[in-house]
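Novice: So that we are looking at the same thing, I have put the structure below in structure tokens.
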Amino acid sequence: MRALEPSRGRRFFNYFPAKEDVITQPDPQERAVWADIQARHVDTEPLWQALTATVLEGLASIEDSFVALRRIKASAPAMAATFGKGSRWISEDLRQWVERRTPAEQLPAARLQLNVVMAALMTAYEQWQPDEPFGDFIDTARRHLAAAGAGFAGPAGR
């Protein structure tokens, strides 16, 4: 915390390559929690189920930072692109996880499922207002995921 003292404020940024990295770099603990969540959803679980459960559990685990980032983005629209980088690691980690758990011949369908999950989440995020409870976002995301996932529920969606 001494790095945050006014006399030492400049040193705080020495821990990051650039000032924007303070906001855009993921918290290592958050990343570890997401990895634990992914590990609980074994390769034998249908991908759509595993993906939706993982993203909903993962988002719930970062509620505080996710809400803060949403409010900051709303209050500073010109900085939205910079703040958008703050959650990019989630989709990157999910993509790597999907590719590790999916046989090569099934990767195109698996990537499609991941992209649909991300589109459903983005749609819910765009609907969610910064002053609304986080639970509203999760409920909307869950509804969008259920609607989008109906096509992946059968054997072809494994």
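With the numbering used here applied, the sequence shown covers 37 to 194. Idealized CB from N, CA, C, for every residue including glycine.
Report the rounded CA-to-CA distance for residue 137 versus residue 147, giving the unit in angstroms.
Specialist: The count along the sequence shown starts at 1 and reaches residue 137 at position 101. The count along the sequence shown starts at 1 and reaches residue 147 at position 111. Rounded to the nearest angstrom, the two C-alpha atoms are 12 Å apart.
Novice: Whole angstroms is fine: what's the gap from residue 37's alpha carbon to residue 76's?
Specialist: For the purposes of this step, residue 37 is taken as residue 1 along the sequence shown, with counting starting at 1. For the purposes of this step, residue 76 is taken as residue 40 along the sequence shown, with counting starting at 1. Because residue 37 carries a pLDDT of 44, less than 50, the predicted location of this residue cannot be relied on, and the following value inherits that uncertainty. Computed Cα separation, rounded: 34 Å.
Novice: Could you spell out the range, first to last residue, of the alpha helix (DSSP H) harbouring residue 73?
Specialist: Locating residue 73 in the sequence shown gives position 37, where the first residue counts as 1. Unbroken alpha helix (DSSP H) run through residue 73: 64 to 76.
Novice: Mind checking which residues open and close the alpha helix (DSSP H) that includes residue 98?
Specialist: Counting from one through the sequence shown, the residue named residue 98 turns up at place 62. Here residue 98 belongs to no alpha helix (DSSP H), and DSSP marks it neither H nor E.
Novice: Beta-carbon separation of residue 185 and residue 88 under 8 Å?
Specialist: Position 149 of the sequence shown, counted from the start, is the residue given in the question as residue 185. Position 52 of the sequence shown, counted from the start, is the residue given in the question as residue 88. Against a cut-off of 8 Å, the Cβ pair of residue 88 and residue 185 comes out as a contact.
Novice: Under a Cβ-count criterion, where at least 16 other Cβ atoms within 10 Å of its own Cβ denotes burial, should residue 94 be classed as buried or exposed?
Specialist: Here residue 94 refers to the residue found at position 58 when the sequence shown is read from its first residue. Flag for residue 94 reads buried.
Novice: Using a Cβ-Cβ cut-off of 7 Å (strictly less than) and excluding sequence neighbours within five positions of residue 153, which residues of its own chain qualify?
Specialist: Numbered from its first residue, the sequence shown carries residue 153 at position 117. If we look at residue 153 and ignore the five residues flanking it on each side, its Cβ neighbours are 87, 88, 91 and 181.
Novice: Return the first residue and the last residue of the alpha helix (DSSP H) that residue 172 is part of.
Specialist: On the sequence shown, position 136 is the one that residue 172 refers to. From DSSP, the alpha helix (DSSP H) with residue 172 extends over 170 to 185.
Novice: Indicate the three-state DSSP secondary structure (helix, strand or coil) for residue 80 in the structure shown.
Specialist: In the sequence shown, counting from the first residue as 1, residue 80 sits at position 44. If DSSP states are grouped into helix, strand and coil, residue 80 belongs with coil.
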